[in-house]
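I have placed the structure first, in the form of structure tokens, so that the comments after it can refer back to it.
2 protein chains.
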Amino acid sequence: MNSHTQSAASAFLKPRKTPRQARSATTVEAIFDATIQVLLADGATRLTTTRVAERAGVSVGTLYQYFPHKQSLLFAVLKRHLEAVAQAVDSACQQHVGQSIDTISDGLAGAFLDAKTAHLDASRALYLVSSEMDTADLIDEISLRVYAAVAMTLASATDARFVDISAVAFMFSAALSGIVRVVLDREVDPAMLQTLRAELPVMCRAYLATAMRRAHSESSSK
Amino acid sequence: MNSHTQSAASAFLKPRKTPRQARSATTVEAIFDATIQVLLADGATRLTTTRVAERAGVSVGTLYQYFPHKQSLLFAVLKRHLEAVAQAVDSACQQHVGQSIDTISDGLAGAFLDAKTAHLDASRALYLVSSEMDTADLIDEISLRVYAAVAMTLASATDARFVDISAVAFMFSAALSGIVRVVLDREVDPAMLQTLRAELPVMCRAYLATAMRRAHSESSSK
DNA sequence: ACCTGAACACCGTTCAAGT
DNA sequence: ACCTGAACACCGTTCAAGT
């Protein structure tokens, strides 16, 4: 299942070594925190490895003991965030398995938005640097994971059947991440966030309802 | 209308001077082309000002005569691309004013997808560097322009009325740019593109139809 | 095992000198 | 008006030396 997600680029970006002593585990944790702090305080342009090390209270050399290059550091921080979001979607999926399609739709849309807005600053900060590294494989992996969970849950709905569930799940998860990303990328206007929170579930429900209708008309015409 | 879109950051990123002679106009054009070529051939990481100048056949100093820094160069290239997309949406909007809501929906979704996929490589290349500069204002400006055109066209539909047209137009344009962005950000799998082309109009129509129904029930309950 | 920080290569940016 | 390219400051990355 994850055989082709572990490509060359992923391996290239992996941390250099895993901490085996309490001291170094603390060091890595400090570096992680420092990265987000510098990103939030000084912006993407002023995010330098020296500055991160300084803020973490270690020397640059120490940073490079755990991360082969700046990219891999940013990669690790982004990975942490995206996996938290994927985890939130997974939980919501398991929670709504076998329920009605509207309940599932509202549950997934809400869970996704909650996960993103819970760490709103981190989300926006990471969007800013996500292009400074080769994130294609990571994005693919997380997208696939979210997609699979969504497909499984939609298929379990008691009151709906879909002809092409893979296409529907693909669009559903693309809509969640895409729309949320576009809105959060802009200045965070509370009114926009409110509109998004109100309208995203509406759009999700509307799309699924149409996909269902197509399923019915197709099965009745056969 | 564009008074608050010309913020400090925008001005900061403006080109240093406008070419007044044929020779320098050619130079700027060569720099633009070289930027996209280097981006496509060498990737975002290897995009250096020296490399761009070299490829354009000029010296670095010449490049810095027209662009105060690397950011402003990337900014100008991105602006060119986004304005072409906005232009395509504008045209589609004018073309479909006063038609049915389904025709409008299909027309806008198709025009947006066409504009993005027409320069697919440039689109993806620019997504990759869009976070290396301060694009917030540019994105806001283009988003606002697309939003305004969409709102105007939706309001002109002969067979539909919306209670909160600003919310609907906001979500509609966010869906277009967000979903397309998320799909194009991933490896361009032809099957995915095909699914997107088939399902995006479906989702747009479904959302607008639901927004209309809400309009009707609200007006009939008053 | 883990940490330090001076040293090196490379990139963005400038500016005195050219046409 | 426009162009050149050596020079400078700064950042990513390394590695010999320390605990």
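Here the protein sequences come in this chain order: A and B.
Residue numbering for the first sequence follows our numbering, beginning at 1 and increasing consecutively.
Residue numbering for the second sequence follows our numbering, beginning at 1001 and increasing consecutively.
C-beta: ideal position from N, C-alpha, C; glycine also.
Here the structure is a predicted model, which means the values were calculated and not measured.
How far does the alpha helix (DSSP H) with residue i in it reach, from first residue to last?
i       : result
B:Q1095 : 1070-1096
B:Q1065 : 1060-1066
A:A148  : 136-155
B:G1107 : 1101-1118
B:R1186 : That residue, B:R1186, is in no alpha helix (DSSP H); it is neither H nor E in DSSP.
Nearest CA to the CA of residue i: which residue from the options?
i       : options                            : result
B:L1200 : B:E1187, B:R1186, B:A1174, B:Q1037 : B:A1174
A:Q194  : B:M1171, B:A1198, B:V1129          : B:M1171
A:H69   : A:V188, A:V97, A:D134, A:Q99       : A:D134
A:V60   : A:T50, A:L144, A:I104              : A:T50
A:L120  : A:D42, A:T45, A:D189               : A:D189
A:Q99   : A:L47, A:A160, A:L144              : A:A160
A:A155  : A:S72, A:D33, A:I101               : A:I101
A:V97   : A:T45, A:T62, A:T153, A:Y64        : A:T153
B:A1056 : B:V1028, B:A1191, B:Q1065          : B:V1028
B:Q1095 : B:A1157, B:S1072, B:S1024          : B:A1157
B:D1042 : B:S1177, B:A1211, B:L1128          : B:L1128
B:K1014 : B:T1103, B:A1167, B:A1076          : B:A1076
A:Y207  : A:G178, A:D185, A:V168             : A:V168
A:F67   : A:A44, A:A151, A:S24, A:R46        : A:S24
B:H1081 : B:V1058, B:I1142, B:T1048, B:L1047 : B:I1142
B:S1166 : B:E1187, B:L1047, B:L1144, B:R1186 : B:L1144
By Cβ distance, which residues of its chain are closer than 6 Å to residue i, with the 5 residues on each side in sequence left out?
i       : result
A:D106  : P201
A:K116  : S123, V180
B:A1209 : none
B:D1140 : none
A:A44   : L128, V129
B:L1047 : V1038, L1039
B:Q1065 : none
Can you list, in chain order, the residues of its chain with a C-beta nearer than 8 Å to that of residue i? Leave out the 5 residues immediately preceding and following it.
i       : result
B:A1111 : A1088, V1089, S1091, A1092
B:V1052 : I1031, A1034, T1035, V1038, L1063, L1073
B:L1078 : L1126, V1129, S1130, M1133, T1135, L1138
B:V1183 : M1192, L1193, L1196
A:M212  : I101, A160, R161, F162
A:A84   : A115, H119
A:V58   : T27, A30, I31
B:R1186 : M1192
B:S1177 : F1112, S1143, V1146
B:K1222 : With a pLDDT of 37 at B:K1222, under the threshold of 50, the modelled position of this residue cannot be trusted, and the question is left open.
Where does residue i fall in DSSP's three states?
i       : result
B:T1045 : coil
A:T158  : coil
B:G1057 : coil
A:V163  : coil
B:P1201 : helix
A:M1    : Because A:M1 sits at a pLDDT of 33, beneath the cut-off of 50, its placement in the model cannot be relied upon, and the following sentence gives the value as read from the coordinates. Of the three classes helix, strand and coil, the one that applies to A:M1 here is coil, per DSSP.
Taking 7 Å as the limit between beta carbons, can you name the residues of its chain near residue i, skipping five residues before and five after?
i       : result
A:C253  : In the structure as shown, chain A starts at 1 and stops at 222, and residue 253 of chain A therefore has no counterpart that could be examined.
A:A149  : V89, D90, C93
A:V146  : A86, V89, S173
B:L1040 : D1121, A1125
A:T103  : H96
A:A151  : I165, S166, A169
Is it the case that the CB of residue i approaches a heavy atom of the ligand ATP more closely than 6 Å?
i      : result
A:A149 : Ligands in the displayed structure: none, and consequently the ligand ATP is not present.
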